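Heads up: the sequence lines are chains A and B, in that order. Quick note: the first sequence uses this note's numbering, first residue 13, plus one each step. Quick note: the second sequence uses this note's numbering, first residue 6, plus one each step.
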Amino acid sequence: MDDTNNKRREFVRNGVKAALLGSVATGALQALKSCSDAGAAASASANSETVELMTTDGHLIEVPVTALSETENLKGDDYRVREGFPNRKFVMVVDLARCKNAKKCISSCNKSHFITGENAWIKVYKMQESQETAPYWQPTMCMHCDKPACVKVCPVDATFKRRDGLVLIDNERCIGCRFCMAACPYSTRVFNWEEPRQGETTEIHMHLEHTESSPDYAGMPSLKGTVDKCDFCPHMIDKNELPHCVTACPNGVFFFGDAYEDTVTNGDESFRLSELLEERAGYRLLEQLGTEPSVYYLPPSNRLVDFQEGLENYEPYKSVDLSEE
Amino acid sequence: MMEAQKEILEKLAPRKFTRVGKVWVACLLAIILASLIAYGIQLQKGLVVTGMRDYALWGVYISNFVFFVAISLVGSLISAVLHLSGAKWATPLTRISEIIAVAAIVMAGLTIIIDMGRPERLFFLFTHGRLQSPIIWDVIVITTYLVISLLLLYYPMLPDFALLKRYFKDRPKLSRRFAKLSLNWNNSERQKKLYRTSIQMLSVLIIPVAFGIHTVTAWLFATTYRPGWDSTNFGPYFIAGAFVAGAGAVIAVMYVIRRAYGLEKFITDMHFDRMGRLLVLLCLVYLYFNVNEYLVPAYKNTVEEAQHLQSLFTGAYSTYFWFVTAGGLVMPIVLLVFPRFRKPMPLFVISLVVVVSAWWKRYLIVTPTLLHPFLPIEGVPESWHHYFPTGLEWTVTFGTLAMALLIITLLVRILPIVPIHHAIEEREASTAKNREL
Ligand code: SF4
Ligand code: SF4
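See below:
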């Protein structure tokens, strides 16, 4: 990861952490639209700096950074892990026109979720429907379906659907029958076939973060004989931050947001979800199955990057390097 | 008259193992021991010791499970259907098939536990079970089926136990045990009436439950979206296949028992002949469902189905597929039309081929489908693109098969394997007839 990128991400993190007071306070996540060179400036002096924020009704406003304060964690006192964050409905938009198989999403996800096996939760597929159609790169993660096949078949309620849209796994409950893996049409679930080689890392992390293991933070720790998958990073949402893949992607492929507020952001740009989907003809994978995914895709038209570039990185038989970053 | 009864009892009362019997049991025990060690390793290291991975997420354990469920179905076919229809000829086979059913259903339950990543959490199925999961349906019907099968095995034995109590009167301990087992059976009219009604009732009850266990097991697959499983044909298709597998198993076991115990008078060539005919009928029904299962998707040839069918017809699984189709379906239909092949020995060989094919058939139902997901398999090691069971998986699997055989062997050892009172009644009836003539 090069330096400027790092700085930008840091800024984005800090920026997103900040939120407006008063009426727009809930707009925290889809907070800001920063120009690309804002990173350097932000780290210099914050006093005279302003940021643009989008209010819940879609207006952009400019606010001095000093007027921003960190919000509390999203989790209230009555937060229940099987209920989720009240009045939210998380969605993701993946812009295929921007993806060039950089795989930073995978390495960042692997690192943050302490993934130690060959089974990364995010995959970037090299897709080509037929000889005549154009190839493209397609990142996939759990679609957090609104009609999740995995939840339907789980015999012990280990996999559950929350009101905020997330589909999570209680790996203290999972009996390892793998029915959910057979049921998921997106092949997104992975199994811990052996003792995860996480060592002490997860324990240290839990200690430092003062957290306990919970379905809200998949992979911390992973347990032998249970399933894992993308969790949409509720532990980041809680801190008013974006999921790891969103911030890690150098090309801004992933947009994360809230369907109720109709906004999504990749940290650099924010859009109204409905407008984005309409303008760019968004769609969902395997819509015909009726799973109603929470992840939308924007077709790879008017590409910002060349498909060929991704081939350098293409390793069909290998999960991403675990040691990266 | 008493002489005849004594002779029959002598033939049919449980007997100690012969040398061959002892060697057989020792072999089974050795295999089971090896599989226990293998399973211990699996428990310790996790399912990584198997050939399964994220795409081939179910393997030989699950196909073996389906096989056991299939085999167990036969108990209901032979016992219940024949109890009900009053087909007298099959009486000597009812107990054998019930024993096979009980052994198979017990092993089906154990096999599914072997496949679990977290077997120690099994009780969550009861404490946290959710009714919309087909696995819970399976748990419910399998336990129900086990209970009814046990009863259907036990009840018809009550008069036999009473007979054995008297037969073994010079061995007080054994006699007392049979006395207890016979639940004070004294052949009174009231008891006989109760006996008949309860067996009649169980025979009716077990049919829907037996269909249930196999249909639900089929639904474990058919309720997913995967091409090759996503089929409304799956329930009846599985049941038809289960009847074939079960009939094959009954023929094989009855041949061995007849040889080992010298029961040629009780299990006659006529029984083999009839079972041979039954097998043809069952295979024809199964063939019909197979045509449905493969021809319709092959005709439509959607991308997903085409991939799956290609792997079966000409691809990686074609050898197995054609072996199973030829050995488990076509061959029995063609050969068993000729009376020559319905003699005990040839029928025994054919039934073994049928059972082995049935086993591989389950493997072909479970595995290839998993290797053709909707999204391509990518970003995983090359070896994850295929599946073949590891040595350890085979060891455990053979252990379960050996355990099923051991259960059958032990039950055959301690129980009157052919219903004695029926045999006596029949003998009496025929002598009475002779006298009249
Ligand atoms: S993508 Fe698969 S694992 Fe995720 S919610 Fe949908 S069915 Fe479940
Ligand atoms: S593997 Fe775990 S999460 Fe998946 S269906 Fe089974 S118990 Fe539920």
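For every residue, glycine included, the Cβ atom is placed at its ideal position computed from N, Cα and C. It should be emphasised that the depicted structure is a prediction, and the values quoted were computed from it without experimental measurement.
Answer yes or no: the CB of residue i versus the heavy atoms of ligand 2, is any distance below 7 Å?
i: C242(A); result: no
i: T171(A); result: yes
i: G188(A); result: yes
i: V239(A); result: yes
i: F191(A); result: yes
i: C166(A); result: yes
Using a Cβ-Cβ distance under 8 Å, would residue i count as near chain B?
i: E130(A); result: yes
i: Y91(A); result: no
i: M193(A); result: yes
i: Q320(A); result: no
i: K185(A); result: In the sequence under discussion, the amino acid at residue 185(A) is Arg, which differs from the Lys named in the question. Yes, R185(A) counts as interfacial toward chain B.
i: K173(A); result: no
i: Y295(A); result: no
i: T4(A); result: Past the edges of chain A, shown from 13 to 337, lies residue 4(A), and the structure says nothing about it.
i: A56(A); result: The pLDDT assigned to A56(A) is 44, lower than 50, so where the model puts this residue is not dependable; a value taken from the coordinates is nonetheless given after this. Chain B, which has no Cβ nearer than 8 Å to the Cβ of A56(A), makes this no.
i: L33(A); result: Residue placement at L33(A) cannot be trusted, given a pLDDT of 31 that sits under 50; what the coordinates show is reported in the next sentence. No, L33(A) does not count as interfacial toward chain B.
i: L180(A); result: no
i: G264(A); result: no
Hey, would you say the C-beta of residue i is under 7 Å away from at least one heavy atom of ligand 1?
i: V179(A); result: yes
i: R201(A); result: yes
i: Y137(A); result: no
i: A161(A); result: yes
i: Y198(A); result: yes
i: H259(A); result: The amino acid occupying residue 259(A) in the given sequence is Thr; His does not appear at that position. Every heavy atom of ligand 1 is 7 Å or more from the Cβ of T259(A), so no.
i: H125(A); result: no
i: H427(B); result: no
i: T228(B); result: no
i: M66(A); result: no
Determine whether the Cβ of residue i lies closer than 8 Å to any Cβ atom of chain A.
i: L130(B); result: yes
i: L52(B); result: yes
i: R126(B); result: yes
i: P381(B); result: yes
i: W497(B); result: A query on residue 497(B) cannot be resolved here, the shown segment of chain B reaching from 6 to 442 and no further.
i: S208(B); result: no
i: M121(B); result: yes
i: G134(B); result: yes
i: E387(B); result: yes
i: P19(B); result: no
i: T220(B); result: no
i: G384(B); result: yes
i: I141(B); result: yes
i: T148(B); result: no
Do the CB positions of residue i and residue j come within less than 8 Å of each other?
i: G246(B); j: A75(B); result: yes
i: P446(B); j: P349(B); result: There is simply no residue 446(B) to check, as chain B begins at 6 and stops at 442 in what is shown.
i: V276(A); j: R110(A); result: no
i: D305(A); j: R292(A); result: It is worth fixing the name first, because residue 305(A) is Pro in this sequence and not Asp. For P305(A) and R292(A), no; Cβs fall outside 8 Å.
i: I244(B); j: F216(B); result: yes
i: D338(A); j: G96(A); result: Given a span of 13 to 337 for chain A in the structure shown, any question on residue 338(A) remains unanswerable.
i: L314(B); j: L369(B); result: no
i: S102(B); j: V255(B); result: yes
i: A223(B); j: F248(B); result: no
i: G237(A); j: L52(B); result: yes
i: E61(A); j: V75(A); result: no
i: L284(B); j: A257(B); result: no
i: C192(A); j: V165(A); result: yes
Return the bridge partner residues of residue i from the DSSP annotation.
i: P151(A); result: V136(A)
i: I181(A); result: T171(A)
i: E212(A); result: According to DSSP, E212(A) bridges with nothing at all.
i: S282(A); result: T277(A)
i: G269(A); result: V103(A) and V276(A)
i: F343(B); result: Looking at the DSSP assignment, F343(B) forms no beta bridge with any residue, so it has no partner.
i: I73(A); result: L65(A)
Q | Three-pair Cβ contact test at 8 Å for the region 389-396 of chain B versus the region 46-63 of chain B | A | By the C-beta criterion, the region 389-396 of chain B is judged to be in contact with the region 46-63 of chain B, since at least 3 inter-stretch pairs fall below 8 Å.
Q) Within the chosen definition, does the region 160-172 of chain B reach the region 181-201 of chain B through at least 3 CB pairs nearer than 8 Å? A) Short answer: they touch.
Q: Inspect the CB distances between the region 140-148 of chain B and the region 287-300 of chain B and report whether three or more fall short of 8 Å.
A: The region 140-148 of chain B vs the region 287-300 of chain B: no contact.
Q) Looking at C-beta atoms only, is the number of pairs between the region 106-114 of chain A and the region 314-327 of chain A that lie closer than 8 Å three or more? A) Touching, yes.
(Q) For the structure I just gave you, are there three or more beta carbon pairs, one from the region 191-206 of chain A and one from the region 153-163 of chain A, closer than 8 Å? (A) The answer is yes - the region 153-163 of chain A touches the region 191-206 of chain A, with three or more Cβ pairs under 8 Å.
(Q) Three or more C-beta pairs under 8 Å: does that hold for the region 23-30 of chain B against the region 369-382 of chain B? (A) At 8 Å Cβ cutoff, the stretches do not touch.
Q. Given 8 Å as the limit, is there contact between the region 275-282 of chain B and the region 117-137 of chain B, that is, 3 or more CB pairs closer than that?
A. The answer is no - the region 117-137 of chain B does not touch the region 275-282 of chain B, with fewer than three Cβ pairs under 8 Å.
Q.
Whether or not the region 398-413 of chain B and the region 104-118 of chain B are in contact is what I'm after, with contact meaning three or more pairs of Cβ atoms, one per stretch, closer than 8 Å; do they touch?
A. As far as the Cβ criterion goes, the region 104-118 of chain B touches the region 398-413 of chain B, which means the pair count is three or higher.
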